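*Asks:*
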Amino acid sequence: MHLDCKPIVELRNIERTYYVDAKPVHALRGVSLQIPENKLVILKGPSGSGKTTILNIIGGLDQPSQGQILFKGKELVKFSDKELTLWRRKQVGFVFQTFALIQTFSAFENVELPMRITRVPWRERERRTLECLDIVGLRKRASHRTFEMSGGEQQRVGIARAIVNQPALILADEPTGELDFKTGIQIMNLFRSMVDEGGITICLTTHDPAFIEFGDLVIELEDGKIIH
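In our numbering, the protein residues as written are 850 to 1077.
#1: Taking contact to mean 3 or more Cβ pairs, one atom from each stretch, closer than 8 Å, check whether the stretch 982 to 1002 and the stretch 851 to 869 are in contact.
#2: Find out if the Cβ-Cβ distance for the pair Phe954, Thr995 is shorter than 8 Å.
#3: Out of curiosity, what's the CA-to-CA distance linking Gln883 and Pro856?
#4: Can you find the residues in the same chain that come closer than 6 Å, C-beta to C-beta, to Ile1076, ignoring five residues on each side of it along the sequence?
#5: Considering just the uninterrupted stretch of the alpha helix (DSSP H) at Arg1005, what are its terminal residues?
#6: Would Pro963 and Val1013 qualify as a contact pair, given that the criterion is a beta-carbon distance under 8 Å?
#7: Which same chain residues, not among the five before or five after Ser992, have their C-beta less than 8 Å away from its C-beta?
#8: Report the start-end ranges of each alpha helix (DSSP H) in the stretch 888 to 949 that is 4 residues or longer and not cut off at the edges.
#9: Can Gln940 and Asp1022 be called in contact, C-beta distance under 8 Å?
#10: State yes or no: is the C-beta of Gln1003 within less than 8 Å of the C-beta of Phe1040?
#11: Classify Gly1028 as helix, strand or coil using the three-state DSSP reduction.
#12: Pair every Cβ in the stretch 1053 to 1066 with every Cβ in the stretch 891 to 905, then say whether three or more of these pairs are closer than 8 Å.
#13: Note down the Cα distance separating Met850 from Glu859, rounded to an integer number of angstroms.
#14: Which residue comes first and which comes last in the alpha helix (DSSP H) that contains Pro963?
#15: Where do the N-terminal and C-terminal ends of the alpha helix (DSSP H) with Leu979 fall, by residue?
#16: Under 8 Å between the Cβ atoms of Arg865 and Ser914?
#17: Among the residues of its own chain, which have a CB less than 7 Å from the CB of Arg937, if the five just before and after it don't count?
#18: Check the C-beta distance from Val944 over to Ala1011 and give it rounded, since I have them as a contact under 8 Å.
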């Protein structure tokens, strides 16, 4: 597969150092990579290899100790906090391992929430919410509370919520980690179809070798460095 398309995200020489009891912990050590547009990119590696740190830095949830982060050519580290928040709301959707849904809300209410925050008019919220639930195969479950749903269904609600504001980029941190193998395959097939048919870019982390084949590009990390 040719990956000579332009990158939507580029990391240049990224370092991330934390301090625990005044001792440095090097989470990332000079990481440089490109996330090509309209592709499914997989970050793989053992726990503590730096996968989640990279996702958090790409999504503006964490700042690098040094290095550059470019999104469509714009340098994110130069954004103010307000600019970064607005950018995240419009350009990035997040999918979490633990679903991160409001359990007392229905599937519809969970998916609709990001549009309420951005003050989208009701009719557009309703249309877009049902459209996204359709994409993940859960329109008939729109009125169900999330605690009434299986783990796979909850993750699908999380994915619908991530795409409801029509972001350019989805960041998914171990999205199959809480699911059984069969459901995990279903979620990966859903991601694959979203990239192939929806023209979206997805970057996800996994430590499960069974899911690697779904990626257009696989980046392997170990001890804060890219090794393959």
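C-beta atoms are modelled at their ideal positions from N, C-alpha and C, and glycine is treated no differently.
Since the structure is predicted, the reported quantities are computational estimates derived from the model, not experimental observations.
*Replies:* In short:
#1: no
#2: Taking 8 Å as the Cβ cut-off, Phe954 and Thr995 qualify as a contacting pair.
#3: Computed Cα separation, rounded: 6 Å.
#4: Glu1069
#5: 1000 to 1012
#6: yes
#7: Ser955, Ala956, Phe957
#8: 900 to 907, 930 to 940
#9: no
#10: no
#11: Residue identity check: residue 1028 is Leu in the sequence provided, not Gly. In the structure shown, Leu1028 sits in coil (DSSP, three-state: anything other than H, G, I, E or B).
#12: Flag = yes, the stretch 1053 to 1066 and the stretch 891 to 905 touch.
#13: Confidence at Met850 is low in this model, with a pLDDT of 41, below 50, so the placement of that residue should be treated as unreliable; the coordinate-derived value is given next. One C-alpha to the other measures close to 20 Å.
#14: 956 to 966
#15: According to the DSSP assignment, Leu979 belongs to the alpha helix (DSSP H) that extends over 971 to 984.
#16: yes
#17: Closer than 7 Å at the Cβ level, and outside the excluded window around Arg937, lie Gly908, Gly909.
#18: So it is a contact: roughly 5 Å between Cβ atoms.
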